[in-house]
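Asker: Here's a structure for you.
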Amino acid sequence: MRFSKSIPSHIKITDSSYIGLDGNELPLKIIKSKNSLNRTLIIFPGASPTAEEHSGLLFLSSVLANIGFNVYIPRMPLLKDLNISEDNVNWFSNGYSQLVKRDDIQGTKISCMGVSFGGAILLKASLQDLMLKSPPHSIITYGTFYDVRKTLEFLTFGKIKIKGKDVSIKPHEWGLVVFMHNFLASVDVGFDSSHLQKILALRVQDKNVDKQLLNLSEKNRQLMNDILTSTISDEVSRIIDIIFKEKMNELDSISPKNWCKNINTKIYVMHGANDNMVPYTQSVDLANHLPNSELFISYLYEHNEIALKRSFIYKIKELFRIVSYMRGYIKYHED
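Note that the sequence shown covers residues 4 to 338 in my numbering.
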């Protein structure tokens with residue numbers, strides 16, 4: 004079952020800017036249609052080098068614009084560099100506070116969406132004064148996590164627990180790259196890893212690294228190839244263990260499990276069952292611990308490891324379920 008991802012001609016995508024936390028101008032994508040209904044949605048991207056240019060985000064924004072939302076996607080520079088530290092929180096709250104001052108946003112009903120790692124960071128930012136002064140009417144999280152430790156374990160080893168059973172799923176190749184990019188430079192792995200760090204820095208910008216790989220020793224080339232293909236060799240496993248022992252405490256601050264009980268805003272928690280960056284079980288846990296939330300797990304596509312092949316009729320029913328959930332969200336947004 005395939006869907007066209009072309010953006011209709013009546014949807015207008017424009018480039019603008021806003022002032023970042025460092026005082027510099029940052030790119031801002033604005034997506035509108037002719038039938039605007041005074042609805043504003045600010046979408047915060049996840050960790051991706053494409054940032055606000057992500058084709059999937061632009062398509063989603065065009066769908067939302069088609070039902071009356073004016074959509075704004077601000078660049079979050081740290082996440083564009085695949086930096087997943089708590090430093091992002093201030094960039095998010097600053098971005099929100101800047102955008103709500105815009106003439107074309109003031110007077111509208113504002114909601115926010117955070118994608119993947121951006122979802123957890125948005126939730127943390129919503130507890131800061133800059134966002135509490137003029138809080139969003141609601142927040143959607145898509146594909147975000149509840150426990151950052153378990154999420155990073157999945158990204159590196161591909162193991163999750165579903166209905167009491169341990170299941171192994173091939174994680175997204177970006178997972179191990181992001182993990183190593185964030186932590187390799189700050190731990191002692193027993194050898195000079197600077198050459199590996201340089202290759203990771205290129206890779207997270209979606210650049211080809213074949214030439215750089217040729218300059219490595221055979222041993223280090225094999226290690227780098229294992230990291231880039233998410234292959235957990237003995238050496239990769241050894242480095243992962245060092246990082247988990249020394250650095251994981253630094254990420255506890257962006258783990259919603261430690262503070263999400265303090266969020267009073269209505270949260271719509273969405274996830275796809277086929278997500279191989281953050282397992283959907285994380286959204287289940289998140290929704291269960293938020294004071295005011297509604298959960299939606301899409302089974303339109305699932306991993307072969309956890310489901311049988313779905314029929315066409317099942318997928319049609321699943322589409323109706325998605326539509327029903329979004330109708331409920333829009334109704335709440337209008338209240």
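Note that beta-carbon positions come from the ideal geometry of N, C-alpha and C, so glycine has one too.
Residues in the same chain with beta-carbon distance under 7 Å from residue 206, minus the five sequence neighbours each way, listed in chain order, please.
Answerer: As a first step, residue 206 is located in the sequence shown; it is residue number 203 there, counting from the start. Cβ within range, chain order: 180, 212 and 231.
Asker: What residue from 78, 324 and 153 has the CA that sits closest to residue 117's CA?
Answerer: Within the sequence shown, numbered from 1, the residue matching residue 117 stands at position 114. Cα-wise, what sits closest to residue 117 is 78.
Asker: Could you tell me how far apart the beta carbons of residue 244 and residue 150 are, in whole angstroms, since I believe they sit closer than 8 Å?
Answerer: Within the sequence shown, numbered from 1, the residue matching residue 244 stands at position 241. Within the sequence shown, numbered from 1, the residue matching residue 150 stands at position 147. So it is not a contact: roughly 19 Å between Cβ atoms.
Asker: Just the Cα atoms here: how many angstroms apart are residue 133 and residue 237?
Answerer: The residue labelled residue 133 in the question sits at position 130 within the sequence shown. The residue labelled residue 237 in the question sits at position 234 within the sequence shown. Taking the straight line from one Cα to the other gives about 46 Å.
Asker: Mind reading off the beta-carbon distance from residue 1 to residue 119? Whole number of angstroms is fine, and I expect it under 8 Å.
Answerer: With the chain represented from 4 up to 338, any question about residue 1 goes unanswered, as that position is not in the structure.
Asker: Does the distance from the C-beta atom of residue 273 to that of residue 145 stay below 9 Å?
Answerer: By one-based count along the sequence shown, residue 273 stands at place 270. By one-based count along the sequence shown, residue 145 stands at place 142. Yes, the Cβ-Cβ distance between residue 273 and residue 145 is below 9 Å.
Asker: Is the distance from the Cβ of residue 21 to the Cβ of residue 102 below 9 Å?
Answerer: Numbered from its first residue, the sequence shown carries residue 21 at position 18. Numbered from its first residue, the sequence shown carries residue 102 at position 99. Taking 9 Å as the Cβ cut-off, residue 21 and residue 102 qualify as a contacting pair.
Asker: Give me the Cβ distance between residue 51 and residue 11, rounded to the nearest whole Å; I'm assuming they're in contact under 8 Å.
Answerer: The residue labelled residue 51 in the question sits at position 48 within the sequence shown. The residue labelled residue 11 in the question sits at position 8 within the sequence shown. No, residue 51 and residue 11 are not in contact; Cβ-Cβ is about 24 Å, not under 8 Å.
Asker: From residue 86 to residue 299, what does the alpha carbon distance come to, in whole angstroms?
Answerer: For the purposes of this step, residue 86 is taken as the residue at position 83 of the sequence shown. For the purposes of this step, residue 299 is taken as the residue at position 296 of the sequence shown. Going from the Cα of residue 86 to the Cα of residue 299 covers about 28 Å.
Asker: According to DSSP, simplified to helix, strand and coil, what is residue 309?
Answerer: Position 306 of the sequence shown, counted from the first residue, corresponds to residue 309. At residue 309 the pLDDT is 46, less than 50, meaning the model places this residue with poor confidence and gives no usable figure here.
Asker: Per DSSP, what kind of secondary structure is residue 73 in: helix, strand or coil?
Answerer: Sequence index remark: in the sequence shown, residue 73 carries index 70 (1-based). Residue 73: strand per DSSP, three-state reduction.
Asker: For residue 131, which option in 320, 92, 290 and 109 has the closest C-alpha, if you only look at C-alpha atoms?
Answerer: For this step, residue 131 is matched to residue 128 along the sequence shown. For the residues 320, 92, 290 and 109, the minimum Cα distance to residue 131 belongs to 92.
Asker: Within 10 angstroms of the Cβ of residue 323, are there 16 or more other Cβ atoms? Answer buried if so, exposed if not.
Answerer: Walking along the sequence shown from the start, residue 323 turns up at place 320. Exposed, because fewer than 16 other Cβ atoms sit within 10 Å of the Cβ of residue 323.
Asker: Assign residue 30 to one of three DSSP states: helix, strand, or coil.
Answerer: Counting from 1 along the sequence shown, the entry for residue 30 is found at position 27. Here residue 30 sits in strand by DSSP.
Asker: Which value, in whole angstroms, describes the spacing of the CA atoms of residue 31 and residue 129?
Answerer: In the sequence shown, the residue the question calls residue 31 occupies position 28. In the sequence shown, the residue the question calls residue 129 occupies position 126. Roughly 20 Å between the two C-alpha positions.
Asker: Can you check which of these residues, 302, 33, 172 and 229, is closest to residue 18 by C-alpha distance?
Answerer: Here residue 18 refers to the residue found at position 15 of the sequence shown. Among 302, 33, 172 and 229, the Cα nearest to that of residue 18 belongs to 33.
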